[in-house]
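Notes follow the structure.
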Amino acid sequence: MELIDGNAIAAALIAELKATVAAMPGRAPCLALVRVGEDPASVSYVRKKEKTAAEIGVTSRIILPPITITQVELETLIDELNADLSVDGILVQSPLPKHLDELAIFRRVAPSKDVDGFHTLNLGKVAQEDPTGFVACTPAGIMELLARSGVDLSGQHVVVLGRSLIVGKPVALLALQKKAGANATVTICHSGTRDLPSITRQADVLIAAIGRAEFVTADMVKPGAVVIDVGINRVTDPTKKTGYRLTGDVHFPSVSPLCSRITPVPGGVGPMTVAMLMHNTIKARRQNAAAI
Ligand code: NDP
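According to numbering that gives the first Met the number 0, the stretch in the sequence shown is residues 0 to 291, in order.
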């Protein structure tokens, strides 16, 4: 079994992006990060994004509206960022507080600044294989991780566990694309799937994104498969100072001896997500500059 080292692969990508930004003419790319409320995971994700942006030379603008912000006020804020020529990319940290309509906010972001890739138009561009679109960062990161690990999906059976708009659906569409590195046969499973293990056992490449700690066990995996664990779950652990530990959607101790390659949690898909956000912000800067 070989470990797919997301930290190392993301570090290589970040170094490339830093060189790209240094060579770009004009001002640095600028990313607006909007975080509503103090959800601890969101606080740490935004901090990580800010830190990585600084490392690459991307300017970040952190906007922290109060948790009492209304839908209309947040939409107005997004409209202002859409119109601001000094902002290239806009990210609204998910999840938003329950009183806000998250999908409506994602759709409010101008497609040309939608570096999270959640706008209807950008998801449509993935389906149409239009390279001008923005691909959601986690699915894009998974594809990059596979490509840089030498995993060619062509002709392989990829089974995606989960059908969310953020991970499952876009990664399935990417694996399905008729191009080098992709061109897979894809099956998507979800909570309504009958006899899940019989399907996951057919996977040459299994991508688990369901948000259930250690759900995928050895009996669900074909020996020799490549396993990509997208899950980030907090599990109570009194032995840790924080009181919890992070675990994936895959039961690593029993699955890892079986497979050919596997991503760890943490240190697998997670670091790639942030790197791809920076990749998208640089792309937005280029495309927006060309459009002016
Ligand atoms: P969602 O909760 O939006 O989607 C979960 C999906 O899994 C749904 O399609 C759901 O089915 C399916 N599912 C849930 N339970 C089962 C089950 N028992 N059997 C089969 N299918 C099931 O999650 P996300 O896609 O947003 O995230 C998934 C995981 O990935 C989470 O742990 C999240 O923290 C992590 N994540 C990690 C990122 C990273 O950077 N590494 C980024 C984004 C997410 P149905 O549609 O029927 O409800």
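All residues carry an ideal CB built from backbone N, CA and C; glycine is no exception.
Since we're looking at a predicted model, the values are computed, not measured.
Closest Cα partner of residue i within the set the options
i, options, result
"L73", "L84, S85, I89 and S59", "I89"
"V134", "A179, D115, R147 and L144", "D115"
"G132", "H118, K239 and E15", "H118"
"R26", "L172, R162 and D87", "D87"
"M142", "K47, V35, A22 and A171", "A171"
"E101", "L16, T241, L164 and G191", "L164"
"G56", "E213, L95, V20 and V45", "V20"
"S255", "D218, A7 and P196", "D218"
"E37", "K17, L257, T58 and I62", "I62"
Classification of residue i by the beta-carbon crowding that lies within 10 angstroms, buried from 16 upward
i, result
"E293", "Residue 293 cannot be examined here, being either before or after the span of the chain that is shown, 0 to 291."
"D151", "exposed"
"H98", "exposed"
"L122", "buried"
"R284", "buried"
"D129", "exposed"
"M0", "exposed"
"K168", "buried"
"S46", "Position check: residue 46 holds Arg in this sequence, whereas Ser was assumed. So R46 counts as exposed."
"P138", "buried"
"D113", "buried"
"G242", "exposed"
CB of residue i within 8 Å of CB of residue j, strictly
i, j, result
"A274", "I66", "no"
"S111", "N279", "no"
"A52", "L76", "no"
"V215", "V249", "yes"
"Q92", "V33", "yes"
"L245", "V264", "yes"
"R200", "V220", "yes"
"N293", "G266", "Since the first and last residues shown for the chain are 0 and 291, residue 293 lies out of range."
"L160", "I231", "no"
"E49", "S59", "yes"
Cβ-Cβ separation, residue j to residue i (assumed contact under 8 Å), whole Å
i, j, result
"A202", "V158", "4 Å"
"I281", "D228", "With a Cβ gap of about 28 Å, I281 and D228 do not count as contacting."
"G140", "T272", "5 Å"
"R147", "H189", "No, R147 and H189 are not in contact; Cβ-Cβ is about 28 Å, not under 8 Å."
"I8", "L144", "6 Å"
In DSSP terms, what residue i is bridged to
i, result
"R233", "L245"
"E1", "R260"
"K220", "Sequence inspection shows Val at residue 220; the Lys mentioned does not correspond to that position. DSSP lists no partner for V220."
"R60", "A31"
Residue i: CB within 7 Å of a non-hydrogen atom of the ligand ADP
i, result
"V114", "Because the ligand ADP does not appear in the structure shown, any question about it cannot be addressed here, the ligands present being the ligand NDP."
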